[in-house]
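J.:
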Amino acid sequence: TIRPSSLAMRPPSPVRPAEMRYDESGGYNIVNQIHNDGTAASAVAHQALMRLFELTVRLGEEMEKGLVERGLTRARAAVVWQLHQQGPVTQRTLSQALRVSPRNVTGLLDALEAGGYVTRGRHPTDRRATLVSLTEQGAAAAARLHADYQMGARVLLGGVPPADLTTFINVIDHVLDRLREATSPAPS
4 TIRPSSLAMR PPSPVRPAEM RYDESGGYNI VNQIHNDGTA ASAVAHQALM RLFELTVRLG
64 EEMEKGLVER GLTRARAAVV WQLHQQGPVT QRTLSQALRV SPRNVTGLLD ALEAGGYVTR
124 GRHPTDRRAT LVSLTEQGAA AAARLHADYQ MGARVLLGGV PPADLTTFIN VIDHVLDRLR
184 EATSPAPS
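Residue 4 is where the sequence shown starts when you use the working numbering, and the numbers rise one by one after that.
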């Protein structure tokens with residue numbers, strides 16, 4: 004969750020290389036994998052990567068603060084968001100959608116159920132399956148996450164011309180494609 008009010012109150016502060024903690028976010032490994040492909044990056048590419056790391060760290064910090072205020076972790080918020088998007092689903096479907104183990108989903112659901120965010124019940128057609136649904140509290144939390152997301156888009160990107168946003172999206176898509184290529188397992 005992006006907290007636009009806190010973003011608006013603090014001017015952006017540059018992150019110097021000595022302050023970056025790439026090891027905490029896996030950044031070093033990502034850069035190392037991409038670097039090992041043998042292509043040299045320009046000074047502008049290095050600056051762009053530094054800004055990308057700063058953006059990632061800062062957005063992550065703001066998300067964490069917003070989630071903590073709601074009593075959620077990133078993983079629990081991902082479950083709430085997924086259920087908000089898909090509606091009631093089986094634990095297996097949730098596990099596959101989140102790309103985590105069924106055991107991990109069980110632990111997340113235990114905590115979310117204890118907190119009043121989700122409920123588990125019998126599947127109407129499959130006796131072996133458990134159906135997971137948001138409670139009223141969970142639906143309200145998902146609605147707040149969605150509202151924060153919309154506000155974050157307005158605060159962070161509202162004044163950017165559409166053509167610049169289109170370019171930004173294209174660049175981010177390119178970076179994500181490269182990242183997926185660099186981190187996907189090699190075909191056997």
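We treat Cβ as the ideally placed atom computed from N, Cα and C, and that holds for glycine.
Computed from a predicted structure; not experimentally measured.
Quick check on this structure: which residue in P127, R157, R102, A114 has the alpha carbon closest to the alpha carbon of G141?
T.: It is A114 whose Cα lies nearest to the Cα of G141.
J.: I'd like to check one pair, V121 with T138: are the Cβ atoms closer than 8 Å?
T.: yes
J.: In the structure shown, what three-state DSSP assignment does S45 receive?
T.: coil
J.: With a threshold of 8 Å on Cβ separation, who are the neighbours of T109 within its own chain once the five nearest residues in sequence on each side are excluded?
T.: Q94
J.: Please report the straight-line C-alpha distance between T186 and V178, rounded to a whole angstrom.
T.: One C-alpha to the other measures close to 12 Å.
J.: Apart from the five residues just before and just after L168, which ones in its own chain have a Cβ nearer than 7 Å to its Cβ?
T.: L160
J.: Given P127, which residues of its chain have a CB within under 8 Å of its CB, disregarding the five upstream and five downstream residues?
T.: L134
J.: Use the C-beta contact count for L2: other C-beta atoms within 10 angstroms, 16 or more gives buried, fewer gives exposed.
T.: For residue 2 there is no data in the structure shown, the boundaries of the chain being 4 and 191.
J.: Looking only at C-alpha atoms, which of P188, E184, I175 sits nearest to A48?
T.: If we check each option's Cα against that of A48, I175 comes out closest.
J.: Can R77 and L70 be called in contact, C-beta distance under 8 Å?
T.: yes
J.: Suppose contacts are defined by Cβ-Cβ distances below 8 Å. Is A144 in contact with R73 by that definition?
T.: yes
J.: State the DSSP-derived secondary structure class of S136, mapped to helix, strand or coil.
T.: strand
J.: Exposed or buried, S104, counting other C-beta atoms within 10 Å across all chains shown (16 or more means buried)?
T.: exposed
J.: How is the alpha helix (DSSP H) around G110 delimited, first residue to last?
T.: 105–117
J.: Mapping the DSSP letters down to three states, classify R95 as helix, strand or coil.
T.: helix
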